[in-house]
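Before any comments, here is the structure.
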Amino acid sequence: MKLDDEGQQLQRELAAYIEKYTGKDGTHSTYIPDLHFIRASKETEPIHSIHEPALCVVAQGTKLMMLAKESYLYDSSSYLVVSMHLPVSGQVVEATSERPYLCLRLDFDKQQIFDLIKQCDKTPKKPTHSQRALFVSKMNRSLLDAIVRLVRLLDTPEDIPVIAPLITQEILYRILQEEQGQSIKQFAMSGSHAERIAKVVQLIERDFNQPLPIDMLAAAVNISPSSLHHHFKEITAMSPLQYQKQVRLQEARRLLLSETIGAADAGFQVGYESPSQFNREYARMFGMPPVRDIKRLRDSLGLVTN
Numbered sequence: 001m002k003l004d005d006e007g008q009q010l011q012r013e014l015a016a017y018i019e020k021y022t023g024k025d026g027t028h029s030t031y032i033p034d035l036h037f038i039r040a041s042k043e044t045e046p047i048h049s050i051h052e053p054a055l056c057v058v059a060q061g062t063k064l065m066m067l068a069k070e071s072y073l074y075d076s077s078s079y080l081v082v083s084m085h086l087p088v089s090g091q092v093v094e095a096t097s098e099r100p101y102l103c104l105r106l107d108f109d110k111q112q113i114f115d116l117i118k119q120c121d122k123t124p125k126k127p128t129h130s131q132r133a134l135f136v137s138k139m140n141r142s143l144l145d146a147i148v149r150l151v152r153l154l155d156t157p158e159d160i161p162v163i164a165p166l167i168t169q170e171i172l173y174r175i176l177q178e179e180q181g182q183s184i185k186q187f188a189m190s191g192s193h194a195e196r197i198a199k200v201v202q203l204i205e206r207d208f209n210q211p212l213p214i215d216m217l218a219a220a221v222n223i224s225p226s227s228l229h230h231h232f233k234e235i236t237a238m239s240p241l242q243y244q245k246q247v248r249l250q251e252a253r254r255l256l257l258s259e260t261i262g263a264a265d266a267g268f269q270v271g272y273e274s275p276s277q278f279n280r281e282y283a284r285m286f287g288m289p290p291v292r293d294i295k296r297l298r299d300s301l302g303l304v305t306n
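1 is the number of the first residue of the sequence shown in UniProt numbering; add one for each residue after it.
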C-alpha cells in the first residue's frame, strides 16, 4: 500500500537529502553519530556481513536481505529492522545511475530500548515466545516524518547534540508500537530467552575460532541445550553451530582480502583443522573456492593482486 501524497513528498525529500550528503556510491557517515547513508548506482552482488542492531529505510530502489535460507525484500514502501547481531547477506536488486539506490541506516543499542520501555511500560511482561531478530514492516507516515526530521538536522549541525537523541527516541518508540515491535523489546527483557540468546551470540563472536559445544553454551546462560537450540533458531533462523560457521567464514574472507595470507592459513586461523573442509564450506557460502573468490573480489574492487 502506497503512502498518501504527503508521505510520498517526505520520501522524495529523504532521497534528496541522501543524494546531497553522499554524492557517490558507498556507505557514508554523517554528523549524527548513529546515522549512515548508503548509495549504489547499480545492482550489486550479495555482500556478507554481521549486521548490527539497526533500522534501515530505503528512499529509492530495492534491496534483498538474506538470513540463512530466508529472504526479505524491502523498498521505499517498507522498512527493515535488525534487533541483534546477525550474519546476513544484502544485495541491491534495483538501482541505476539515473535512479540510484538510496538508503539510511540508524544504529541503536539495547540500552536505548531498555530506557524507552521503562518510560512506556512500568511493568513490562516477558514475551511468551521468541521472535525473529529481523523483520520487514510497512512504512507509515508518522515514522517517516520522524526520520525526515532527524535527517533535516544535518543542515543545522549545532542542533544535533540536543535534538537528535530526542527524535531518535521518537523513531524507536514508533517502531516499538508496531505489531512487530516485540522483536526488539524481547532483548531488553531481563531473564528472557532472547536476552540469553544475545549473550550466547556474544560468546560465539568472541570465541568463534574455538570449539563451542552446545552443552557449554547452554550452561553459560543457564538453560538446557534443547531450549538453547530451539530459541536460538527461532531468533536467528539458524543453529548455534551454523551461526559460528558463518562468523568463521566471513572472518576468513576478510583475512584473505586484507592480508597476504593463504587459504589454508586463513582456515586454521578461524578454527578449521581441515583445509578441504574449509574450502568446501567456503565455496558453499560464497559460491566458489577461496582463491577464485578473492581474485574475483579484488578485481571487482580494483585492488592490486600481489
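Idealized CB from N, CA, C, for every residue including glycine.
CA nearest to the CA of residue i, picked from the options
i              : options                        : result
isoleucine 204 : Tyr173, Val247, Leu172         : Val247
isoleucine 214 : Ser224, Leu154, Asp207         : Ser224
leucine 64     : Val88, Gly23, Leu55            : Val88
alanine 220    : Gln210, Ala95, Lys199          : Lys199
arginine 39    : Leu86, Leu102, Pro33, Tyr74    : Leu102
isoleucine 163 : Val201, Leu153, Asp265         : Leu153
aspartate 207  : His85, Lys2, Val270            : Val270
residue 315    : Met139, Glu273, Leu228, Cys120 : No statement about residue 315 is possible, as the shown extent of the chain runs from 1 to 306 and does not include it.
proline 100    : Ala133, Leu143, Gly26          : Gly26
isoleucine 171 : Val148, Thr22, Phe187, Gly61   : Val148
alanine 133    : Gln186, Ala146, Leu143, Ala266 : Gln186
methionine 84  : Arg292, Ile261, Phe232         : Phe232
methionine 238 : Thr44, Gln11, Leu86, Glu281    : Leu86
alanine 15     : Glu45, Thr44, Gly61            : Gly61
glycine 287    : Glu45, His28, Gln210, Thr22    : Glu45
glutamine 210  : Ala95, Glu273, Glu43           : Glu273
methionine 139 : Glu70, Leu55, Glu43, Asn222    : Leu55
methionine 150 : Arg284, Phe37, Met285          : It is leucine, not methionine, that sits at residue 150 in the sequence shown. It is Phe37 whose Cα lies nearest to the Cα of leucine 150.
methionine 285 : Ile47, Lys2, Gln11, Ala95      : Ile47
Neighbour flag for residue i against chain B, beta carbons, 8 Å
i             : result
glutamine 111 : You won't find chain B in this structure, because it holds only one protein chain.
Inter-residue spacing [alpha-carbon to alpha-carbon] between residue i and residue j
i              : j                 : result
aspartate 4    : alanine 252       : 47 Å
alanine 68     : lysine 20         : 35 Å
valine 57      : leucine 212       : 36 Å
valine 136     : leucine 217       : 30 Å
histidine 230  : histidine 129     : 11 Å
leucine 241    : glycine 181       : 28 Å
serine 78      : isoleucine 175    : 12 Å
proline 289    : glycine 191       : 42 Å
leucine 297    : lysine 24         : 20 Å
leucine 166    : serine 276        : 53 Å
isoleucine 160 : tyrosine 31       : 8 Å
asparagine 306 : threonine 236     : The predicted position of asparagine 306 is uncertain, since its pLDDT is 45 and thus under 50; a value taken from the coordinates is nonetheless stated next. Each residue's Cα considered, the two are about 38 Å apart.
glutamine 244  : glutamine 9       : 44 Å
tyrosine 72    : alanine 146       : 24 Å
proline 33     : glutamine 111     : 16 Å
arginine 292   : serine 49         : 20 Å
arginine 254   : threonine 260     : 11 Å
alanine 201    : alanine 194       : Here residue 201 turns out to be valine, not alanine, going by the sequence shown. Approximately 10 Å between the Cα atoms of the pair.
serine 226     : glutamate 234     : 12 Å
serine 300     : cysteine 120      : 48 Å
aspartate 155  : tyrosine 17       : 10 Å
glutamine 169  : alanine 188       : 15 Å
glutamate 178  : leucine 143       : 10 Å
histidine 28   : phenylalanine 268 : 34 Å
glutamine 131  : glutamate 70      : 14 Å
serine 97      : methionine 66     : 25 Å
tyrosine 74    : glycine 90        : 11 Å
glutamine 11   : leucine 80        : 16 Å
tyrosine 173   : lysine 2          : 23 Å
8 Å contact criterion, which residue i and residue j should meet: CB distance rounded
i              : j              : result
leucine 104    : leucine 35     : 6 Å
histidine 51   : valine 93      : That belief does not hold up - the Cβ atoms of histidine 51 and valine 93 are roughly 17 Å apart, past 8 Å.
serine 41      : alanine 59     : Going by Cβ atoms, the distance from serine 41 to alanine 59 rounds to 14 Å, so no, they are not a contact pair.
isoleucine 294 : isoleucine 184 : About 36 Å; that fails the 8 Å criterion.
glutamate 13   : arginine 141   : About 13 Å separates the two Cβ atoms, so there is no contact after all.
proline 53     : aspartate 107  : 7 Å
alanine 266    : asparagine 279 : Not a contact, Cβ separation roughly 10 Å.
glutamate 281  : leucine 249    : 6 Å
Identity of the residues DSSP links to residue i by a beta bridge
i              : result
glycine 61     : None; glycine 61 has no bridge partner.
leucine 73     : Leu64
isoleucine 261 : DSSP lists no partner for isoleucine 261.
alanine 252    : According to DSSP, alanine 252 bridges with nothing at all.
glycine 26     : Arg39
serine 137     : Tyr79
isoleucine 32  : Its beta-bridge partners do not exist; DSSP assigns none.
leucine 55     : Val81, Leu106
serine 49      : Val88
My parser needs the alpha helix (DSSP H) runs of 4 or more residues fully inside the stretch 156-226; what are they? 160-176, 182-185, 193-206, 214-220
My parser needs the beta strand (DSSP E) runs of 3 or more residues fully inside the stretch 83-134; what are they? Look at the stretch 83-134 and you find these whole runs of beta strand (DSSP E), each 3 residues long or longer: 86-94, 101-107.
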